[in-house]
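Protein sequences appear in the order of chains A and B.
Take the first sequence: its position 19, counting from 1, is numbered 19 in this note's numbering, and each next residue is one higher.
Take the second sequence: its position 190, counting from 1, is numbered 451 in this note's numbering, and each next residue is one higher.
Reading through the structure tokens given below for one structure.
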Amino acid sequence: MSGRKIGDVILDLQNISLRFGGVKALTNISFDVREHEIRAIIGPNGAGKSSMLNVINGVYHPQEGRINFHGEERRRMEPHMAAKQGISRTFQNIALFKGMSVLDNVMTGRITKMKANFLEQAIRIGRAGREEIEHRKKVEEVIDFLEIQHIRKTPVGRLPYGLQKRVELARALAAEPTMLLLDEPMAGMNVEEKQDMCRFILDVNDQFGTTIVLIEHDMGVVMDISDRVVVLDYGKKIGDGTPDEVRNNQEVISAYLGVAH
Amino acid sequence: MFYREAGQFKTSYAADQQIFPITQDRVGVLLILAFAFLAVPVLFNEYWLKAILIPFLIFSLAALGLNILTGYAGQLSLGSAAFMAVGAFASYNFMLRIDGMPILLAFALGGLSAALVGIAFGLPSLRIKGFYLAVATLAAQFFIVWALTKFGWFSNYSSSGVISAQEMEILGYKFVTPEAKYLLVLAIVVLLALAAKNMVRSSVGRAWMAVRDMDVAAEVIGIRIMHTKLLAFAVSSFYCGVAGALYAYAYIGTVEPEGFNLDLSFKILFMIIIGGVGSIVGAFLGAAFIVLLPIALDVMVQEWLSGILSPSISSNLQLIVFGGLIIFFLIVEPHGLARLWQIGKEKLRLWPFPH
Ligand SMILES: Nc1ncnc2c1ncn2[C@@H]1O[C@H](COP(=O)(O)OP(=O)(O)OP(=O)(O)O)[C@@H](O)[C@H]1O
Ligand SMILES: [Mg+2]
Numbered sequence: 001m002s003g004r005k006i007g008d009v010i011l012d013l014q015n016i017s018l019r020f021g022g023v024k025a026l027t028n029i030s031f032d033v034r035e036h037e038i039r040a041i042i043g044p045n046g047a048g049k050s051s052m053l054n055v056i057n058g059v060y061h062p063q064e065g066r067i068n069f070h071g072e073e074r075r076r077m078e079p080h081m082a083a084k085q086g087i088s089r090t091f092q093n094i095a096l097f098k099g100m101s102v103l104d105n106v107m108t109g110r111i112t113k114m115k116a117n118f119l120e121q122a123i124r125i126g127r128a129g130r131e132e133i134e135h136r137k138k139v140e141e142v143i144d145f146l147e148i149q150h151i152r153k154t155p156v157g158r159l160p161y162g163l164q165k166r167v168e169l170a171r172a173l174a175a176e177p178t179m180l181l182l183d184e185p186m187a188g189m190n191v192e193e194k195q196d197m198c199r200f201i202l203d204v205n206d207q208f209g210t211t212i213v214l215i216e217h218d219m220g221v222v223m224d225i226s227d228r229v230v231v232l233d234y235g236k237k238i239g240d241g242t243p244d245e246v247r248n249n250q251e252v253i254s255a256y257l258g259v260a261h
Numbered sequence: 262m263f264y265r266e267a268g269q270f271k272t273s274y275a276a277d278q279q280i281f282p283i284t285q286d287r288v289g290v291l292l293i294l295a296f297a298f299l300a301v302p303v304l305f306n307e308y309w310l311k312a313i314l315i316p317f318l319i320f321s322l323a324a325l326g327l328n329i330l331t332g333y334a335g336q337l338s339l340g341s342a343a344f345m346a347v348g349a350f351a352s353y354n355f356m357l358r359i360d361g362m363p364i365l366l367a368f369a370l371g372g373l374s375a376a377l378v379g380i381a382f383g384l385p386s387l388r389i390k391g392f393y394l395a396v397a398t399l400a401a402q403f404f405i406v407w408a409l410t411k412f413g414w415f416s417n418y419s420s421s422g423v424i425s426a427q428e429m430e431i432l433g434y435k436f437v438t439p440e441a442k443y444l445l446v447l448a449i450v451v452l453l454a455l456a457a458k459n460m461v462r463s464s465v466g467r468a469w470m471a472v473r474d475m476d477v478a479a480e481v482i483g484i485r486i487m488h489t490k491l492l493a494f495a496v497s498s499f500y501c502g503v504a505g506a507l508y509a510y511a512y513i514g515t516v517e518p519e520g521f522n523l524d525l526s527f528k529i530l531f532m533i534i535i536g537g538v539g540s541i542v543g544a545f546l547g548a549a550f551i552v553l554l555p556i557a558l559d560v561m562v563q564e565w566l567s568g569i570l571s572p573s574i575s576s577n578l579q580l581i582v583f584g585g586l587i588i589f590f591l592i593v594e595p596h597g598l599a600r601l602w603q604i605g606k607e608k609l610r611l612w613p614f615p616h
């Protein structure tokens with residue numbers, strides 16, 4: 001991998017259990033994420049991977065367990081607070097704002113950084129107008145970075161699937177997150193689109209030092225780009241380590257890698 | 262106003278983020294404003310000003326309010342007329358009970374009162390959506406009209422809750438002529454429309470649309486859903502409230518709570534459906550359409566069909582045409598006249614080459 005330095009643990013999850021009624025989505029799971037690393041979560045369908053991300057950014061609240069982010073023990077947290085703390089994400093099923101243009105979608109990603117209140121915006125004096133321009137600059141950088149300049153003004157609903165996924169990444173990046181959660185960013189893409197997406201993820205990690213937690217089904221991709229991998233099965237953790245360690249873990253092989261996908 | 266935007270490339274974000282980025286749009290809006298402020302009061306007679314243009318502007322404002330809530334923030338409401346009523350009755354009471362209350366301040370306070378009531382009735386939106394929310398706003402509609410009729414204090418104990426709007430006076434000038442009233446209403450509506458346009462193209466507007474389009478993603482991005490929805494209710498109700506005050510003071514003069522009934526709420530809803538959901542221009546197009554349609558139909562019936570159609574049919578004709586149009590727009594063009602206008606422009610941009 002590149003020369004970036006992996007730092008200390010910034011996210012530490014201890015004994016997380018999450019239930020939906022009788023369904024045990026996660027059972028007693030502990031793992032950590034280090035600064036600047038690419039951390040993959042893998043596992044068969046229904047293993048609890050998405051639920052894990054939802055726990056990290058406060059969409060789901062686990063019944064048991066402790067979460068420590070940047071050295072702070074976290075109480076019940078709502079998603080918008082996670083956003084404020086620098087956690088951004090994309091969704092397994094694209095969750096763009098369908099009625100808005102690409103530009104507006106990405107601008108929305110910066111919303112926690114915009115300070116003018118609605119009255120200032122209504123009159124557009126002072127900082128409201130300045131802010132729009134400043135943030136537009138940042139947003140254009142992200143748009144350039146992800147090479148979506150040509151579709152800037154297009155309503156996202158009209159874009160093909162692969163580009164929508166890229167716009168969703170742009171929206172997440174616009175917030176300049178310290179931690180980026182990606183839920184199957186390459187699902188449903190063709191080989192070329194996957195390669196592009198891989199490159200973007202590596203570039204984000206490399207250039208901005210963003211810590212990335214990634215769910216992905218494509219084993220080749222996971223083994224290629226991640227520093228460490230957590231393996232879930234039926235809501236339980238069955239493996240954790242570098243790609244090589246995970247590849248050679250007997251339990252993982254029988255539970256997951258052996259199963260044809 | 263047919264033009265192409267080809268060749269207008271923006272060289273700075275400031276230029277791209279102007280309120281009307283396309284030169285022709287900017288010129289067009291300025292021309293319309295100049296016409297509305299300078300020519301209309303001279304060219305149009307009293308009937309047009311009083312019976313068509315003033316109500317058109319007032320309904321545009323109410324439709325604008327509803328469009329902020331429903332079109333931009335995605336919260337369906339059937340209570341617009343009730344919020345208008347709050348604005349009208351609150352302005353009346355501020356004028357009545359506070360000596361020397363300036364009329365514009367009374368309108369603003371009327372709007373603010375409506376905003377507070379709007380927030381209260383917007384609270385259910387934090388739990389319920391769509392159809393059920395519409396029913397909750399329906400409850401607001403009935404409750405407010407009932408309360409204004411039931412408690413005599415609101416109408417200073419006049420019979421059946423009727424209020425007579427006080428005279429409008431600003432800095433010693435009395436707004437009594439239709440021209441003066443028209444200009445006052447126009448100025449207020451233009452200012453509030455510009456403010457609305459500014460809001461929907463800023464982060465508050467993007468937050469509304471984000472909540473409308475995908476609330477989970479909106480929250481994950483850092484938008485506070487509760488705050489955003491209630492702000493939409495507040496701003497929307499403020500607009501409806503001011504529209505209601507103008508309805509009483511600049512249009513009808515004497516109003517009763519029943520004047521702000523469910524029919525009126527539906528009429529405003531139809532305006533945004535026909536004009537364009539989630540469009541500022543759409544509110545104006547829809548209001549123009551619904552104010553002008555009955556008049557146009559009347560004229561047509563009298564010119565061409567008198568004697569052929571019995572009067573009972575011709576009075577129902579309005580309802581039939583209305584119903585048909587609503588269904589047409591709901592099914593065929595949910596974005597209304599504003600969208601048709603845009604499609605026309607896009608087609609024209611390619612004309613005469615179809616590809
Ligand atoms: N909101 C919810 N309500 C009820 N059950 C849920 C909810 N979210 C997840 N589950 C359940 O939790 C379990 C784990 O689901 P999750 O979506 O986390 O799996 P996953 O590993 O992401 O699967 P996939 O690979 O299919 O995306 C499943 O049994 C699922 O049905
Ligand atoms: Mg999943």
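Backbone N, C-alpha and C fix where the C-beta goes; we use that ideal spot for every residue, glycine too.
Please read all numbers here as calculations on a predicted model, not as lab measurements.
Review point. Would you report the Cα separation of A260 (chain A) and V538 (chain B), rounded to the nearest angstrom?
Key: Residue 260 (chain A) sits at position 260 when you count from the first residue of the first sequence. Residue 538 (chain B) sits at position 277 when you count from the first residue of the second sequence. Confidence at A260 (chain A) is low in this model, with a pLDDT of 46, below 50, so the placement of that residue should be treated as unreliable; the coordinate-derived value is given next. Using only the alpha carbons, I get a separation of about 49 angstroms.
Exercise for review: Step through the CB atoms of chain A and report whether any lies within less than 8 angstroms of the CB of Q427 (chain B).
Suggested key: Residue 427 (chain B) sits at position 166 when you count from the first residue of the second sequence. No, its Cβ sits nowhere closer than 8 angstroms to a Cβ of chain A.
Review point. For S226 (chain A), which three-state DSSP category applies?
Key: Within the first sequence, residue 226 (chain A) is the residue found at index 226, counting from 1. The answer is coil: DSSP assigns S226 (chain A) none of H, G, I, E or B.
Exercise for review: Report the rounded CA-to-CA distance for M1 (chain A) versus E134 (chain A), giving the unit in angstroms.
Suggested key: Here residue 1 (chain A) corresponds to residue number 1 of the first sequence, with the count starting at 1. Here residue 134 (chain A) corresponds to residue number 134 of the first sequence, with the count starting at 1. In this prediction, M1 (chain A) scores a pLDDT of 46, lower than 50, which makes its location untrustworthy; the coordinate-derived value is nonetheless stated afterwards. Rounded to whole angstroms, M1 (chain A) to E134 (chain A) spans 34 angstroms at the Cα level.
**Study point:** Sub-8 angstroms separation of L491 (chain B) and G383 (chain B) beta-carbons
**Key:** Reading the second sequence from its first residue, position 230 is the one you call residue 491 (chain B). Reading the second sequence from its first residue, position 122 is the one you call residue 383 (chain B). L491 (chain B) places its beta carbon less than 8 angstroms from that of G383 (chain B).
Practice item. Take R19 (chain A) and list the residues in its own chain whose beta-carbon comes closer than 7 angstroms to its own, dropping the five residues that flank it on each side. Key: Here residue 19 (chain A) refers to the residue found at position 19 when the first sequence is read from its first residue. Result list for R19 (chain A): A25 and Q63, in chain order.
Check your understanding: In the structure shown, what three-state DSSP assignment does D104 (chain A) receive?
Key -> Within the first sequence, the letter at position 104 stands for residue 104 (chain A). It is helical.
Review point. When the Cα atoms are used, what is the spatial distance from T90 (chain A) to A549 (chain B)?
Key: Mapped onto the first sequence, residue 90 (chain A) falls at position 90. Mapped onto the second sequence, residue 549 (chain B) falls at position 288. When rounded, the distance between both Cα atoms is 43 angstroms.
Check your understanding: Residues of chain A with a CB under 7 angstroms from the CB of E480 (chain B): which are they?
Key -> Here residue 480 (chain B) is taken as the residue at index 219 of the second sequence, counted from 1. Those within 7 angstroms of E480 (chain B) in chain A are P79 and H80.
**Study point:** Beta-carbon neighbours of R485 (chain B), restricted to chain A and to distances below 9 angstroms
**Key:** Mapped onto the second sequence, residue 485 (chain B) falls at position 224. Neighbours of R485 (chain B) on chain A, chain order: E78 and H80.
Review point. In terms of alpha-carbon separation, which member of B:L444, B:A275, B:Q579 and B:V450 lies closest to P302 (chain B)?
Key: Taking the second sequence and counting its residues from 1, one reaches residue 302 (chain B) at position 41. The residue with the shortest Cα to Cα distance from P302 (chain B) is B:L444.
Check your understanding: When the cut-off is 8 angstroms and only beta carbons count, does R467 (chain B) lie next to chain A?
Key -> Here residue 467 (chain B) corresponds to residue number 206 of the second sequence, with the count starting at 1. Flagged as an interface residue toward chain A: R467 (chain B), by a C-beta distance shorter than 8 angstroms.
**Study point:** Distance cut 6 angstroms, beta-carbon to ligand 1 heavy atom: residue list by chain order
**Key:** A:F20, A:V23, A:A25, A:G43, A:N45, A:G46, A:A47, A:G48, A:K49, A:S50, A:S51 and A:Q92
Check your understanding: Taking only beta-carbon atoms, is Q121 (chain A) less than 8 angstroms away from chain B?
Key -> Stepping through the first sequence from its first residue, residue 121 (chain A) is reached at position 121. Judged by the 8 angstroms Cβ criterion, Q121 (chain A) is in contact with chain B.
Review point. Under 8 angstroms between C-beta atoms, does T108 (chain A) make it to chain B?
Key: Along the first sequence, one-based indexing puts residue 108 (chain A) at 108. Yes, T108 (chain A) counts as interfacial toward chain B.
Check your understanding: Within 7 angstroms: the Cβ of I56 (chain A) and any heavy atom of ligand 2?
Key -> Taking the first residue of the first sequence as position 1, residue 56 (chain A) is located at position 56. It does not: the Cβ of I56 (chain A) is nowhere closer than 7 angstroms to a heavy atom of ligand 2.
Check your understanding: Can the beta-carbon of L337 (chain B) be found less than 8 angstroms from the beta-carbon of G391 (chain B)?
Key -> Here residue 337 (chain B) refers to the residue found at position 76 of the second sequence. Here residue 391 (chain B) refers to the residue found at position 130 of the second sequence. It is a contact, given that the beta carbons lie within the stated cut-off.
Exercise for review: Kindly indicate if chain A contains any beta-carbon less than 8 angstroms away from that of G539 (chain B).
Suggested key: Within the second sequence, numbered from 1, the residue matching residue 539 (chain B) stands at position 278. Yes, G539 (chain B) counts as interfacial toward chain A.
**Study point:** Cutoff 7 angstroms; reference N105 (chain A); Cβ partners in own chain excluding five residues on either side
**Key:** Residue mapping note: residue 105 (chain A) aligns to position 105 of the first sequence, counting from 1. Contacts found: L96, F97, V156, V167 and R171.
Exercise for review: Can you check DSSP and say which residues form a bridge with V33 (chain A)?
Suggested key: Taking the first residue of the first sequence as 1, we reach residue 33 (chain A) at position 33. Answer by DSSP bridge pairing, in chain order: A:L11.
Review point. Is the beta carbon of A128 (chain A) less than 8 angstroms from the beta carbon of A456 (chain B)?
Key: In the first sequence, residue 128 (chain A) corresponds to position 128, counting from 1. In the second sequence, residue 456 (chain B) corresponds to position 195, counting from 1. Their beta carbons are not under 8 angstroms apart, which means A128 (chain A) does not touch A456 (chain B) by this criterion.
**Study point:** Listed by chain order, chain A residues near S321 (chain B) by CB distance under 7 angstroms
**Key:** The residue you call residue 321 (chain B) lines up with position 60 of the second sequence. Correct list: empty, because the minimum Cβ distance to chain A is about 17 angstroms.
Check your understanding: To which residues of the same chain is V246 (chain A) closer than 7 angstroms at the C-beta, ignoring the five residues directly before and after it?
Key -> In the first sequence, counting from the first residue as 1, residue 246 (chain A) sits at position 246. Result list for V246 (chain A): V229, V231, G239 and V252, in chain order.
**Study point:** Beta-carbon spacing of F8 (chain A), R39 (chain A) below 8 angstroms
**Key:** The residue given as residue 8 (chain A) occupies position 8 in the first sequence. The residue given as residue 39 (chain A) occupies position 39 in the first sequence. It is worth fixing the name first, because residue 8 (chain A) is Asp in this sequence and not Phe. Pairing D8 (chain A) with R39 (chain A) gives a Cβ-Cβ distance that is not under 8 angstroms.
Check your understanding: Which partner residues does V23 (chain A) have in the DSSP bridge list?
Key -> As a first step, residue 23 (chain A) is located in the first sequence; it is residue number 23 there, counting from the start. In DSSP, V23 (chain A) forms a bridge with A:F20.
Check your understanding: Is DSSP giving S88 (chain A) helix, strand or coil here?
Key -> Here the question's residue 88 (chain A) lines up with position 88 in the first sequence. In this structure, S88 (chain A) counts as strand in the three-state DSSP scheme.
**Study point:** Reference F531 (chain B); option with closest CA among B:L570, B:G379, B:Y508 and B:F583
**Key:** Here residue 531 (chain B) corresponds to residue number 270 of the second sequence, with the count starting at 1. Among B:L570, B:G379, B:Y508 and B:F583, the Cα nearest to that of F531 (chain B) belongs to B:F583.
Exercise for review: Output the boundary residues of the beta strand (DSSP E) element that contains M186 (chain A).
Suggested key: As a first step, residue 186 (chain A) is located in the first sequence; it is residue number 186 there, counting from the start. That residue, M186 (chain A), is in no beta strand (DSSP E); it is neither H nor E in DSSP.
Review point. Three or more beta-carbon pairs under 8 angstroms between the segment 106-115 of chain A and the segment 132-150 of chain A, yes or no?
Key: yes
Exercise for review: Flag this pair as yes or no: are the beta carbons of I87 (chain A) and P177 (chain A) separated by less than 8 angstroms?
Suggested key: Here residue 87 (chain A) corresponds to residue number 87 of the first sequence, with the count starting at 1. Here residue 177 (chain A) corresponds to residue number 177 of the first sequence, with the count starting at 1. Yes; because the gap between Cβ atoms is below 8 angstroms, this pair is in contact.
Check your understanding: What residues in the segment 354-371 of chain B have a beta carbon less than 8 angstroms from any beta carbon of chain A?
Key -> none
Review point. So is the beta-carbon of D277 (chain B) under 7 angstroms away from any non-hydrogen atom of ligand 2?
Key: The residue labelled residue 277 (chain B) in the question sits at position 16 within the second sequence. Because no heavy atom of ligand 2 lies under 7 angstroms away, the Cβ of D277 (chain B) does not count as near it: no.
Review point. Do you know offhand how far S525 (chain B)'s Cα is from H596 (chain B)'s?
Key: As a first step, residue 525 (chain B) must be located in the second sequence, where it is residue number 264. As a first step, residue 596 (chain B) must be located in the second sequence, where it is residue number 335. Just to set this straight, residue 525 (chain B) is Leu in the shown sequence, not Ser. Between L525 (chain B) and H596 (chain B), the alpha-carbon positions lie close to 21 angstroms from each other.
**Study point:** 4 or more residues per run - each alpha helix (DSSP H) lying fully within the segment 288-326 of chain B
**Key:** Whole alpha helix (DSSP H) segments, 4+ residues: 301-304.
Exercise for review: Specify the secondary structure class of S425 (chain B) as computed by DSSP and reduced to three states.
Suggested key: Counting from 1 along the second sequence, the entry for residue 425 (chain B) is found at position 164. The answer is strand: DSSP assigns S425 (chain B) an E or B state.
Check your understanding: So what does M179 (chain A) bridge to, in DSSP terms?
Key -> Taking the first sequence and counting its residues from 1, the one referred to as residue 179 (chain A) is at position 179. In DSSP, M179 (chain A) forms a bridge with A:I87 and A:T211.
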